[in-house]
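S.K.: One structure, pasted below without further comment.
There are 4 protein chains.
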Amino acid sequence: MSALPISRGPGAVRNERARRAILRAASELLAIDGYDHLTIEGIAARAHVGKPTIYRWWSSKSALIAECLVDHTLLPGTFAPQNTGDIIADISAWFEDVIHFMSEPGTSTLVRSIIAAAVDNPEVAVQLGERLGATPDSLEGRFRSGVDTGELKKGTPAKELSETLLSVVIYKIIAREDFKDGDSALFTRMLVSSSLAT
Amino acid sequence: MSALPISRGPGAVRNERARRAILRAASELLAIDGYDHLTIEGIAARAHVGKPTIYRWWSSKSALIAECLVDHTLLPGTFAPQNTGDIIADISAWFEDVIHFMSEPGTSTLVRSIIAAAVDNPEVAVQLGERLGATPDSLEGRFRSGVDTGELKKGTPAKELSETLLSVVIYKIIAREDFKDGDSALFTRMLVSSSLAT
Amino acid sequence: MSALPISRGPGAVRNERARRAILRAASELLAIDGYDHLTIEGIAARAHVGKPTIYRWWSSKSALIAECLVDHTLLPGTFAPQNTGDIIADISAWFEDVIHFMSEPGTSTLVRSIIAAAVDNPEVAVQLGERLGATPDSLEGRFRSGVDTGELKKGTPAKELSETLLSVVIYKIIAREDFKDGDSALFTRMLVSSSLAT
Amino acid sequence: MSALPISRGPGAVRNERARRAILRAASELLAIDGYDHLTIEGIAARAHVGKPTIYRWWSSKSALIAECLVDHTLLPGTFAPQNTGDIIADISAWFEDVIHFMSEPGTSTLVRSIIAAAVDNPEVAVQLGERLGATPDSLEGRFRSGVDTGELKKGTPAKELSETLLSVVIYKIIAREDFKDGDSALFTRMLVSSSLAT
DNA sequence: AGCTAAACGAGACGGTACGTCCTGTCTTAAG
DNA sequence: CTTAAGACAGGACGTACCGTCTCGTTTAGCT
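Protein chains in written order, with my numbering: chain A, 3 to 200; chain B, 3 to 200; chain C, 3 to 200; chain D, 3 to 200.
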């Protein structure tokens, strides 16, 4: 994504200050204006950077957003389920965390902007999933460890469960449907209970 | 959405030919160019229509796409599950139909464009859901009738199941992940089996 | 050069206010900044006009300058020799006028800018020549009438004389050589005396 | 104009190879692209030289062009009148030479580019004049020797005659007017005959 | 049948942003 | 200490669309 400052023969090396300023400005403007009002020109101005400096390193707005996510400039936190031995409770708690986060003012709008970028660029979708915990290590890992400890049946589709949870969150943001009380428990049971070991 | 030709005093009445030409042009260009390269100017030119004629009747590109969907100019077909009495088979078959449709060349790109419009305009999300069968009558209705016939437990969350199925389809399109053989059965079982009456 | 506001079928008609504002702004900025610092963007801003409005009607900076000259927005006055019957005196007086004009502060810089445009666009050269009096009617006409009245020999090359006078003025501006006292008489005699009837 | 590779204390000395490559590249690009499409960046790339190396030694594009002329990298030849004792024939022959040169394909375009540089930088005008023969030694000298030998009247304005001949050539290039057959004789007689001794 | 007003096609307008090119300066690594 | 290479901040380029606004023309209900 970003070139490492490896020697490339003579010539000046990439300016890290500019890179940080650009990611910062892009993240701030995405939150303020939304993805479709986000402009390279605006980012360049806010970062006190020339437009060509942006185009030199990123091929599109969505690639820039992807790097903002990788860099944790956008969505600094990460969601990961705990492992208390009670998978229904753990996943439900994770879901509750995500719902709570999305209910903060401005957050669902920001995430919707990120989804708009994700439609352009699947890398953004991957990064957004990672930030929300839908990764092999995190959500999927919790399901796998449930299988290992005998809490869940063998053959439980950990990846698909993880992906489905993420899908529901993303769909609700797109459709601008708020989560209701009990949704975290409802969706968790709906998805997970059939995989519980008897 | 579209004004009926109710009398509004003297003066010409809305031109239906123009309306159809606009929806047609918008649908074609969406398929060709994608949502972000779709322009009002391009639609007007292709429909041999003045730009103000478009602005007179639609407030945004996404509202226009929403009407294309309502009008069945975009995505002419509709997906609906059958009711054979075997809900796993019925939902799985519906899922298989959708997967098959999405695998046609150009379709997933077109649907991704519709999703881009949906991020702007939740009405588009609703219409896309309807076209894919995620409606109270269709997918949700199949779940409710399963409850009524005793095939599914009482308290089965029909709406949430329907919505989750739609979410998964939309997520896969956004993330550009292809469905694999067996996914229809896998996701169906994962979601529905816990609601089966014992 | 500029489309007359003739009916061109349907559609809005050219905005004369915008046209005037553009010519005015271009003329002012040419005087202030010089031709190479003259920018379409700057003209658009000063005229409170969109850049495309300029590009719609003029293909280049130099075409715009040409129309400024045609329109008398740039170099409002015109130089023309009198006809007192004494051609040496008349041409010399014309020359003196031009020299005096060029010695006003800023004028030679402005004319040099016009010459820069003329290098791009021969139409500008023609218009500059017209403004300085090197036209069939004016300077050339004075020579022709001298032939007609018998003041000058038959076969006197009126056009070439006129052009040479213009050439000298333009060269001096390019080379940034000031005219000296007596130059008007000197050059006039040098050029004209060999054509005097004996 | 150009520093000789004289030692200036410790450290590397000016690289003559780079200087030649730059002048060569500038001359070639001027002929190919014209003055307004000539860029420092393009020259640097063609000369395999860093941009700062150009900025270190020349203050502007026009200064670079001036040195190309001084260096005979641009316009290698020189025009000078002969002295056969018949000044009308000599000047006319010189004029014919210049006209013939300008009629070669590409030459008038190249010279027009040099004139564009001359508008920025009077040194270029001087150098162009020198190359065309309008120098105290050459054209002006021929007039002065005509005075000395009694061919021309005392008080003949040698400098102004020389300058006027140059002016006409430059004007014709700017205005893109071709010379016609007989122009060399016509202009020569027009200018010179009044100075012939009787 | 004539009037009136809406809707229409066309397209010019003031603007914003695009992605590119170039400017002149600064930084680095090689020699 | 100069050089080739090249990144940088900045500014202008010429283009594409935006959404609004005039134009004349067409259309169709209402007098």
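Ideal placement from N, C-alpha and C gives every residue a C-beta, glycine not left out.
Closer than 6 Å by C-beta to C:Trp60: which residues in its own chain qualify, once you throw out the five before and the five after it? Chain order, please.
M.R.: Leu66
S.K.: If I measure Cβ to Cβ from D:Ala120 and keep anything under 7 Å in the same chain, skipping five residues before and after, which residues do I get?
M.R.: Val126, Ala127 and Leu130
S.K.: Output, in sequence order along the chain, the residues in the region 99-128 of chain D whose CB is closer than 8 Å to any CB in chain C.
M.R.: Arg114, Ile117, Ala118, Ala120, Val121, Asp122, Pro124, Ala127 and Val128
S.K.: If you drop the 5 nearest sequence neighbours on each side, which residues of the same chain put their C-beta closer than 7 Å to that of A:Ile8?
M.R.: Because the pLDDT of A:Ile8 is 46, which lies under 50, any placement of that residue in the model is unreliable, and the question is left without a value.
S.K.: Taking the alpha-carbon of B:Ser164 as reference, which of B:Gln84, B:Phe181 and B:Pro138 has the nearest alpha-carbon?
M.R.: B:Pro138
S.K.: Can you name the residues of chain D whose CB is closer than 9 Å to the CB of C:Phe189?
M.R.: Pro159, Glu162 and Thr166
S.K.: Looking only at its own chain, which residues have a Cβ that is under 7 Å from the Cβ of D:Ala33, when we skip the five neighbours before and after it?
M.R.: Gly108 and Leu112
S.K.: Does any residue of chain D have a CB that is nearer than 8 Å to the CB of C:Ser62?
M.R.: It does not; no Cβ of chain D falls within 8 Å.
S.K.: Could you tell me which of C:Val15, C:Glu18 and C:Arg178 sits nearest to C:Ser105, measuring between CA atoms?
M.R.: C:Arg178
S.K.: How would you write the range of the alpha helix (DSSP H) that D:Ser94 sits in, first residue to last?
M.R.: Start and end: Ile89 to Met104.
S.K.: Any C-beta of chain A sitting closer than 8 Å to the C-beta of B:Val149?
M.R.: no
S.K.: Could you check whether the region 93-104 of chain B touches the region 185-200 of chain B, counting it as contact only if at least three pairs of C-beta atoms, one from each stretch, sit closer than 8 Å?
M.R.: Contact holds: three or more Cβ-Cβ distances are below 8 Å.
S.K.: How would you call B:Pro83, buried or exposed, if buried means at least 16 neighbouring beta carbons within 10 angstroms?
M.R.: buried
S.K.: Write down every uninterrupted run of the alpha helix (DSSP H) in the region 117-162 of chain A whose length is 4 residues or greater and which is fully enclosed by it, in chain order.
M.R.: 124-134 and 141-150
S.K.: Opposite D:Leu198 in the DSSP bridges: which residues?
M.R.: D:Leu154
S.K.: State the start and end residues of the unbroken alpha helix (DSSP H) segment that holds D:Thr55.
M.R.: Lys53 to Trp59
S.K.: Using a Cβ cut-off of 8 Å (strictly closer), state whether A:Tyr57 contacts chain B.
M.R.: Output row for A:Tyr57: interface = no.
S.K.: State the start and end residues of the unbroken alpha helix (DSSP H) segment that holds B:Val15.
M.R.: Per DSSP, B:Val15 is not a residue of any alpha helix (DSSP H), being assigned neither H nor E.
S.K.: Taking C-beta pairs closer than 9 Å, name the residues in chain B that A:Val170 reaches, listed in chain order.
M.R.: A:Val170 reaches chain B at Glu162, Glu165, Thr166, Ser169, Val170 and Tyr173, counting residues in chain order whose Cβ is nearer than 9 Å.
S.K.: In angstroms with no decimal places, state the Cα-to-Cα distance between C:Asp92 and D:Ala68.
M.R.: 39 Å
S.K.: Under the three-state reduction of DSSP, which class applies to C:Thr41: helix, strand or coil?
M.R.: In the three-state reduction of the DSSP assignment, C:Thr41 falls in the coil class.
S.K.: Less than 8 Å separating the beta-carbons of B:Ile56 and B:Ile24?
M.R.: yes
S.K.: Mind checking if A:Met3 is an interface residue toward chain B, Cβ cutoff 8 Å exclusive?
M.R.: With a pLDDT of only 38 at A:Met3, under the threshold of 50, the placement of this residue in the model should not be trusted, and no figure is reported.
S.K.: Does the beta-carbon distance from D:Arg133 to D:Thr80 come in below 8 Å?
M.R.: yes
S.K.: Between C:Thr200 and the rest of its own chain, which residues show a CB-CB distance below 6 Å, the 5 nearest in sequence each way excluded?
M.R.: none
S.K.: Would you please state the rounded distance, in angstroms, between the beta carbons of A:Leu154 and A:Ser115? I believe it to be under 8 Å.
M.R.: Going by Cβ atoms, the distance from A:Leu154 to A:Ser115 rounds to 35 Å, so no, they are not a contact pair.
S.K.: Need the endpoints of the alpha helix (DSSP H) that A:Ser64 sits in, please.
M.R.: Lys63 to Val72
S.K.: Helix, strand or coil for D:Leu6? Go by DSSP, reduced to three states.
M.R.: Its pLDDT being 36, under 50, D:Leu6 is placed unreliably by the model, and the measurement read from it follows with that caveat. Coil, per DSSP.
S.K.: Can you tell me which of the three DSSP states A:Thr190 falls into?
M.R.: helix
S.K.: Which class does D:Asp180 belong to by DSSP, given the choice of helix, strand or coil?
M.R.: coil
S.K.: Between the alpha carbons of A:Asp38 and D:Pro54, how many angstroms are there, rounded?
M.R.: 40 Å
S.K.: D:Arg133 CB to nearest chain C CB: under 8 Å?
M.R.: For D:Arg133, no CB of chain C lies under 8 Å from its own CB, so it is not counted at the interface with that chain.
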